[in-house]
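Shown next, in structure tokens, is the structure this report addresses.
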Amino acid sequence: MARTSTSAIRRVRVEPAGAHFASAFALRLAGLPRRSAEEWARGTFEDTPALLRILLRTGWSGVLGLRLGPRTSPRHVIGWRTVESRPGRIAVAARAPSLTVRNVVTVDDARLVWATYVTFEGRAGRVLWSLAAPVHHLVVPLLLGRAVRRTA
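The sequence shown lines up with residues 2 to 153 when you count with our numbering.
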């Protein structure tokens, strides 16, 4: 059952692709049902208890100032606007006055990679993300681990 634990999720290196900050987590998919990138993104963010969804949205909008769309929409994932979608890849994005965040989920036959790219709008964005990044690095693997356990 190690595949379904958070320890199976590893931080990996990713190129910033023009962003000021980039981080990524990878998960081997061996033994798990086949899912599209969008199914993983929705399962990770939306298939959570209501209180957790409220906390996530409150952190994103109330703390980071991200402008989120509707919670339930085919064009949004828990409020994040879908900017790219195909079977092996989905990108969702949200903007705030001080930063722009883009989460990209890529799935192939062997693994899933969840990458986050942040672009700062001045010093305020850099300071804000420096406070949020440690939380981000705890929450993403926990949410992915939860999605894996619900999928397995």
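Backbone N, C-alpha and C define an ideal beta-carbon position, used for all residues, glycine too.
Residue 66 and residue 24 do not touch by the CB rule: their CB atoms are close to 20 Å apart, not below 8 Å. Taking 8 Å as the cut-off, the beta carbon of residue 29 is found no closer than this to the beta carbon of residue 97. Counted as a single uninterrupted DSSP element, the beta strand (DSSP E) harbouring residue 91 occupies residues 90-96. Short of 7 Å from the beta carbon of residue 122, and not among the five residues preceding or following it, lie these beta carbons of its own chain, in chain order: 98, 99 and 100.
Boundaries of the alpha helix (DSSP H) harbouring residue 140: 124-152, taken from the DSSP string. Within the region 21-47, the runs of beta strand (DSSP E) at least 3 residues long that lie entirely inside it are, in chain order, 22-29.
Counting only the Cα atoms, residue 124 lies some 29 Å from residue 46.
For residue 91 and residue 80, the gap between their C-alpha atoms comes out near 14 Å.
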